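Take the sequence shown: its position 176, counting from 1, is numbered 176 in the numbering used here, and each next residue is one higher. Heads up, the beta-carbon is just placed ideally off N, CA and C, and yes, glycines get one too. Predicted, not measured: the structure shown is a model, and the values here were computed from it.
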Amino acid sequence: MPKKFAVPRGTSDILPDQAGLWEELESKARLVCQSYGYREIRTPIYEDINLFKRSLGAASDVVNKQLLELAGSKEDEGYALRPEGTAAVVRSYIENSMDGKESLSKLFYIGAMFRGERPQKGRLRQFHQIGAEAIGPNSTSAFLDAELIALAMHLLKEFGVKGLRLKINSLGSREDKAHISLWLRETFAHHKDNLCEECQNRFERNVFRVLDCKNESCRKEVAAVVKDLPLSPESQDYFGQVQASLKGIGVAFEVSAHLVRGLDYYTHTVFEITAEGLGSQDAVGAGGRYNGLVQELGGNEKINYGAIGFALGIERILLASGKAASKPKGLDAFVIAMKEEYQSRGFLILQELRREAIRADMSFTVGSMKSQMGRCDKAGARFALILGEEEIKNNTVSLKDMRTGQQETLAVENLVSSLKDKLCN
Ligand code: HAM
Numbered sequence: 001m002p003k004k005f006a007v008p009r010g011t012s013d014i015l016p017d018q019a020g021l022w023e024e025l026e027s028k029a030r031l032v033c034q035s036y037g038y039r040e041i042r043t044p045i046y047e048d049i050n051l052f053k054r055s056l057g058a059a060s061d062v063v064n065k066q067l068l069e070l071a072g073s074k075e076d077e078g079y080a081l082r083p084e085g086t087a088a089v090v091r092s093y094i095e096n097s098m099d100g101k102e103s104l105s106k107l108f109y110i111g112a113m114f115r116g117e118r119p120q121k122g123r124l125r126q127f128h129q130i131g132a133e134a135i136g137p138n139s140t141s142a143f144l145d146a147e148l149i150a151l152a153m154h155l156l157k158e159f160g161v162k163g164l165r166l167k168i169n170s171l172g173s174r175e176d177k178a179h180i181s182l183w184l185r186e187t188f189a190h191h192k193d194n195l196c197e198e199c200q201n202r203f204e205r206n207v208f209r210v211l212d213c214k215n216e217s218c219r220k221e222v223a224a225v226v227k228d229l230p231l232s233p234e235s236q237d238y239f240g241q242v243q244a245s246l247k248g249i250g251v252a253f254e255v256s257a258h259l260v261r262g263l264d265y266y267t268h269t270v271f272e273i274t275a276e277g278l279g280s281q282d283a284v285g286a287g288g289r290y291n292g293l294v295q296e297l298g299g300n301e302k303i304n305y306g307a308i309g310f311a312l313g314i315e316r317i318l319l320a321s322g323k324a325a326s327k328p329k330g331l332d333a334f335v336i337a338m339k340e341e342y343q344s345r346g347f348l349i350l351q352e353l354r355r356e357a358i359r360a361d362m363s364f365t366v367g368s369m370k371s372q373m374g375r376c377d378k379a380g381a382r383f384a385l386i387l388g389e390e391e392i393k394n395n396t397v398s399l400k401d402m403r404t405g406q407q408e409t410l411a412v413e414n415l416v417s418s419l420k421d422k423l424c425n
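What follows is the structure, encoded as structure tokens:
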């Protein structure tokens, strides 16, 4: 027997029963994002690998361990599947000179992302994100930080995710980050031996990550020695404005000095949203400000860009909202040809209905009335259109209302208008 294939590890099929849920979620996401003035952007699912290395940071786990590189033909060398959307959006922002066209570009995206992770519940190799990014010259307003966070929370509530917790923190400006990094090294220098092996490595590569280590002994160390991050007065002030803006619009949050992010590009505000019932992978979304990235990726050096964004994980949203499948949308009509020789007439009628945006189908194999009615029922059709000997002879169809069981005969030429009237009622 030929080998059967299975879906690759850490990926999954979205079957028709679930696709309705995805469709619903995506259309809600589009409506909500548009209501905040964000417009959709679609970038390729792979990019130059150096785009990710430069923006996410060579020391980040995503670049270090999880990039899925495209190998093969020479032409493909140097590409990787996108592990997230921000780097590509910034690449496109610069490449398409969006800064010359608008003072603030508000963009959102929905799509598949890829990370070579060890799969577990809520952690996949192919997963999907809904993300939003606001980028523009001099666009560093605390209201924008609050807007992005409010948008993320709004989306999650709209999707029915319960038990949401929003944590925020500030990593300060790039200068602050360099200073904090030194400060953390000094602070942990005497406690280094109490940190886990991973954190001892992190200590050298990216000491910030020690702050969000899940290991119990590291957490104790961190809680004991880091109460606040030493921010400059300007960064402290900015963070204060962000908090005031969030309070002003009634978005509840907790400040957590230990919240840092796994990607290098963040400056100032960072945030993470968790939901209950997800186990260890409980972040349904995260984001933050990344003011320096546009220039790091080749944006105009004379411009002081501001940028902030977030991404929500669709699979985790669906897990948290407890929805597994959606009720299939039934058809409007189902054509039943009683004999094989009536099928061509049935097929003609079927196409006419579809041209008129009536959702219709037929059984492509002829069976008994009972079995065809069974198929009509299974398709969730509102009306059965039956073609028997009499109907073919008189150029009519018998229309059966599947809800009431009532049946009537209609001339074929009146079928579309009559069906449309009935479907409106
Ligand atoms: P991230 O925290 O890496 O941030 O991912 C955002 C969200 O994507 C996570 O909170 C989670 O819900 C989902 N996610 C991430 N990895 C996986 C995975 N392996 N399996 C399932 N879901 C996953 C970013 O991606 C940034 N680009 C967010 C951002 C946008 N920052 C600024 N703008």
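- With respect to the 8 angstroms criterion, Met113 and Glu84 are classified as neighbours on the basis of their beta carbons.
- Tyr290 has its CB nearer than 7 angstroms to a heavy atom of the ligand HAM.
- Of the candidates Gly346, Gln372, Met369, Gly346 places its Cα closest to the Cα of Thr396.
- In the structure shown, the three-state DSSP call for Gln243 is helix.
- Contact between the segment 202 to 209 and the segment 269 to 281 is absent, with fewer than three C-beta pairs closer than 8 angstroms.
- CA-to-CA, the gap between Lys400 and Glu356 works out to about 20 angstroms.
- Nearest neighbour of Ala80 by Cα position, chosen from Tyr46, Val63, Arg185, turns out to be Tyr46.
- With a cutoff of 8 angstroms on beta-carbon distance, Gly279 and Pro119 are scored as not near each other.
- If only complete runs of 4 or more residues are kept, the segment 183 to 245 shows the alpha helix (DSSP H) at 197 to 205, 216 to 225, in order along the chain.
- Distance from the CA of Val161 to the CA of Ser368, rounded to the nearest whole angstrom, comes to 47 angstroms.
- With respect to the 8 angstroms criterion, Leu297 and Val90 are classified as neighbours on the basis of their beta carbons.
- The alpha-carbon separation between Asp176 and Leu182 amounts to approximately 10 angstroms.
- Each residue's CA atom was taken as its position, placing Thr187 and Asp282 some 29 angstroms apart.
- The ligand HAM approaches Leu263 closely enough that one of its heavy atoms is under 7 angstroms from the residue's Cβ.
- Following the DSSP letters along the chain, one finds Arg289 in no alpha helix (DSSP H) but inside the beta strand (DSSP E) bounded by residues 283 to 289.
- Going by DSSP, Gln351 is part of the alpha helix (DSSP H) stretching over 343 to 355.
- The DSSP-derived three-state label of Ile41 is coil.
- About 6 angstroms separates the CB atoms of Leu331 and Gly380; that is less than 8 angstroms, so the two are in contact.
- By the Cβ test, the segment 92 to 108 is in contact with the segment 28 to 42, since at least three Cβ pairs between them sit closer than 8 angstroms.
- With 16 or more neighbouring CB atoms inside 10 Å of its own CB, Ser170 falls in the buried class.
- With a cut-off of 7 angstroms, the C-beta of Thr86 is classified as near the ligand HAM, since at least one heavy atom of the ligand falls inside that distance.
- Given a length threshold of 3 residues, each whole run of the beta strand (DSSP E) inside the segment 128 to 193 is given here in chain order: 165 to 170.
- Under DSSP, the beta-bridge partners assigned to Val270 are Asn169, Gly288.
- Bridge pairing for Met113: Phe127 [DSSP].
- Residue His258 holds the alpha-carbon nearest to the alpha-carbon of Lys227 among Tyr238, His258, Glu197, Val242.
- Counting along the chain, the unbroken alpha helix (DSSP H) around Thr86 starts and ends at 86 to 95.
- Contact between Leu21 and Ala325 holds, with the beta-carbon distance rounding to 7 angstroms and staying under 8 angstroms.
- Segment contact: the segment 301 to 316 against the segment 137 to 146, three or more CB-CB distances shorter than 8 angstroms; contact assigned.
- Leaving aside the five residues that flank Glu408 on each side, the residues in its chain whose CB is nearer than 7 angstroms to its CB run, in chain order, Leu399.
- Annotation for Asp48: the continuous beta strand (DSSP E) segment containing it runs 46 to 48.
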